[in-house]
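First residue of the sequence shown: 0, per numbering that gives the first Met the number 0; consecutive thereafter.
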Amino acid sequence: MTPERFETLSEAYGGDVARWPAVEREAAAILMTADPIWAQTVLARAGDLDAALASYHAPGGTPGLADRIVATAPRPRARWVGWLAPAGMGVGLATACAAGVLLGAQLQAAAPATNASDADALMTAVSEDVGLYLDDDA
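Below, the structure written as structure tokens:
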């Protein structure tokens, strides 16, 4: 074990080597016997941090806090509400389609009947224009 690894483990697991991972303890013991003063300094520094962390107590909530949180939490919605909005959109779309079909049918029935179709009228107009240009060249 290197001294850097020893310091890293002391920072991570604290000044008590018994809390370190079991696979690291034997190597740490060998390093501690090789340089006991340095090892005690490193472990003492980590022990100071352990003591500081152990002395901290998280503040508790006031009495009745959990009850007030539960009382103000939103209530779950009924299961049928989840499909109500998409169903409403589907009904609206179906209504719009039906209105379009009915309007188209009424407009078709109200249109005057002609003998010539729109395609025939277009062909007549184009051929008359083409004929004007051909007559000038002849």
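We put the beta carbon where it would ideally sit given N, CA and C, even for glycine.
On a predicted model such as this, the values are computed, not experimentally measured, just so you know.
| Asked | Found |
| --- | --- |
| Work out the CA separation of A57 and A72 for me, nearest whole Å. | 24 Å |
| By the three-class DSSP mapping on this structure, what secondary structure does T61 have? | coil |
| Please report the distance separating the alpha-carbon of P62 from that of A21. | 43 Å |
| If we call anything under 9 Å between Cβ atoms a contact, is R24 one with A33? | no |
| Going by beta-carbon coordinates alone, are A38 and L8 separated by less than 9 Å? | no |
| Apart from the five residues just before and just after M31, which ones in its own chain have a Cβ nearer than 7 Å to its Cβ? | A38 |
| Taking the alpha-carbon positions, what's the Q105 to A86 distance? | 29 Å |
| Taking only runs that begin and end inside the segment 22 to 52, name each unbroken beta strand (DSSP E) of 3 or more residues, in chain order. | none |
| Determine the burial state of A45: buried for a count of at least 16 other Cβ atoms within 10 Å of its Cβ, exposed for fewer. | buried |
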